[in-house]
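Asks: Structure incoming, see below.
Chains as they are written, first to last, in this note's numbering: chain A, 10 to 300; chain B, 6 to 132.
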């Protein structure tokens, strides 16, 4: 039995060049390529038909594979819903247009708590130490000895009780670190989805339905000082009596207050130059505003 | 009897705690009390002059109280120094680790003056 002859690449190219040396040979090569493409296309079409048939067969209700595909489709749908919900939640956490970031804000509030408790603790310690010093100066006689000792014991109790600040500080730091971690993860998700895609999801319900919810922000890190408040009330007192109910519920009140308050220190400072009776008010004046 | 004139080093990153412990030590009778806000500063002070007792927090940065303790025990000159850990770390594994590192005693925050005094006495002897 004779074996088929195989050509080397070099032989193939030599023969092809020889055939392509004249117009008739080149026409032969074109026709050969065209017929080869037709055969290849027929093969691909046959393969696609075969796959389509297989998929349709597998998806048919009578087929066990069809049930699997239905389950798979349902699972994909559920996943899609979950992803959509997650996007909405991430959108709720992203910084809004005014630059507010809830996680950052929460972190700031916690830092403020630590600072405030540290300051308060320091003041308590100052007072306790002053009492301690005063007690040590009291003359000790049979009548006062017991009282002095009891005072010293109580001062010691105050001192040791102040160690709560260390404990709460450590716990708060843990929470702050967790918030930082969450913030990084949320930012990563925002990067994955793209801030524009999340913006399109719109505003999220904040959950407080009280009529004055827009005024209830708690202690603020950027709040006005007591001087600002005094100046603002003095200004209101000298112009017109405010309508408390309207001020508390008017949607515009929130936006108007900070701007007004911020402009007041300058006004108050100017007022001081005009005379003591023209800007300064005392606590009684403030009280009168609320009667 | 314990020498109340010996130097005591209080190590804690919270100024409030250093102040409280300093005050309690003064009430007990110690008169030479120094402070450090972290382990590295404490180690520097310990190598500068002689101390009779270290009272240290655990959770500090960058060097923790446990690391400070290990450094102290690894230093031939500081090795015998009494070292009391005062910390909010209250898990058994913490106490075990501190003991393994050579801590002299262990006080869990929050604590009271009586506890501090008793632990010092257990390390240094009657006050």
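We put the CB at the ideal spot given by N, CA and C, even for glycine.
Predicted model only: the values in this text are computed from it and were never measured.
Just how far apart, CA to CA, sit residue 8 of chain B and residue 62 of chain B?
Replies: About 23 Å.
Asks: Quick check on the burial criterion: 16 or more other C-beta atoms within 10 angstroms. Buried or exposed for residue 130 of chain A?
Replies: Flag for residue 130 of chain A reads buried.
Asks: By the 10 Å Cβ neighbour count, where 16 or more other Cβ atoms means buried, how is residue 56 of chain B classified, buried or exposed?
Replies: Residue 56 of chain B is buried by the Cβ-count criterion.
Asks: Any idea what DSSP makes of residue 240 of chain A, helix, strand or coil?
Replies: Three-state DSSP puts residue 240 of chain A in a helix.
Asks: Rounded to whole angstroms, what is the Cα-Cα separation between residue 258 of chain A and residue 99 of chain A?
Replies: Residue confidence for residue 258 of chain A is low, a pLDDT of 44 falling below 50, so the modelled location carries little weight; the figure read from the coordinates is stated next. Using only the alpha carbons, I get a separation of about 31 Å.
Asks: Given this structure, state the Cα-to-Cα distance separating residue 39 of chain B from residue 16 of chain B, to the nearest angstrom.
Replies: Computed Cα separation, rounded: 9 Å.
Asks: Would a C-beta distance cut-off of 9 Å place residue 2 of chain A and residue 21 of chain B closer than the cut-off?
Replies: This structure leaves residue 2 of chain A out entirely; chain A is present only between 10 and 300.
Asks: For residue 190 of chain A, count neighbouring C-beta atoms within 10 Å of its own C-beta (all shown protein chains included) and say buried if the count is 16 or more, exposed if not.
Replies: Label assigned to residue 190 of chain A: exposed.
Asks: For residue 70 of chain B, tell me which candidate among B:84, B:106, B:54 and B:80 has the shortest Cα-Cα distance.
Replies: Taking only the C-alpha atoms, the option nearest residue 70 of chain B is B:106.
Asks: Within 10 angstroms of the Cβ of residue 132 of chain A, are there 16 or more other Cβ atoms? Answer buried if so, exposed if not.
Replies: Exposed, by the Cβ-count rule.
Asks: Measuring only the C-alpha atoms, how far is residue 88 of chain A from residue 47 of chain A?
Replies: Computed Cα separation, rounded: 44 Å.
Asks: Please list, in chain order, the chain B residues whose beta carbon lies closer than 9 Å to that of residue 176 of chain A.
Replies: Per Cβ cutoff of 9 Å: 93, 114 and 115.
Asks: The beta strand (DSSP E) that contains residue 166 of chain A, what's its start and end?
Replies: First-last for residue 166 of chain A: 154-170, but that is the alpha helix (DSSP H), not the beta strand (DSSP E).
Asks: Determine, using beta carbons only, whether residue 136 of chain A comes closer than 9 Å to chain B.
Replies: Output row for residue 136 of chain A: interface = no.
Asks: By the three-class DSSP mapping on this structure, what secondary structure does residue 40 of chain B have?
Replies: Here residue 40 of chain B sits in strand by DSSP.
Asks: Among residues of its own chain, excluding the 5 on either side of residue 185 of chain A, which ones have a beta-carbon nearer than 8 Å to its beta-carbon?
Replies: Closer than 8 Å at Cβ, skipping near neighbours: 116, 119 and 120.
Asks: Spatial neighbours of residue 114 of chain B within its chain, please: C-beta separation below 7 Å, excluding the five flanking residues on both sides.
Replies: Counting only Cβ-Cβ distances below 7 Å, and skipping sequence neighbours, we find 91, 92 and 93.
Asks: According to the neighbour-count rule (16 or more other Cβ atoms, all chains shown, within 10 Å of its Cβ), is residue 137 of chain A buried or exposed?
Replies: Residue 137 of chain A comes out buried.
Asks: Between residue 140 of chain A and the rest of its own chain, which residues show a CB-CB distance below 6 Å, the 5 nearest in sequence each way excluded?
Replies: Hits under 6 Å: 164.
Asks: Report the rounded CA-to-CA distance for residue 34 of chain A versus residue 27 of chain A, giving the unit in angstroms.
Replies: Distance between the alpha carbons of residue 34 of chain A and residue 27 of chain A is about 8 Å.
Asks: Whose C-alpha, out of A:167, A:42, A:96 and A:41, is nearest the C-alpha of residue 201 of chain A?
Replies: Among A:167, A:42, A:96 and A:41, the Cα nearest to that of residue 201 of chain A belongs to A:96.
Asks: For residue 50 of chain B, which residues in the same chain have their Cβ closer than 8 Å to its Cβ, ignoring the five residues on either side in sequence?
Replies: Correct list, in chain order: 14, 39, 41 and 56.
Asks: Can you tell me where the beta strand (DSSP E) with residue 58 of chain B in it begins and where it stops?
Replies: Its beta strand (DSSP E) spans residues 58-61.
Asks: Over the uninterrupted beta strand (DSSP E) stretch that includes residue 14 of chain B, give me the two end residues.
Replies: Residue 14 of chain B -> beta strand (DSSP E) spans 13-16.
Asks: What ranges does the alpha helix (DSSP H) occupy inside the region 81-127 of chain B, keeping only unbroken runs of at least 4 residues that lie completely in it?
Replies: For the region 81-127 of chain B, whole alpha helix (DSSP H) runs of length 4 or above, ordered along the chain, are 97-106.
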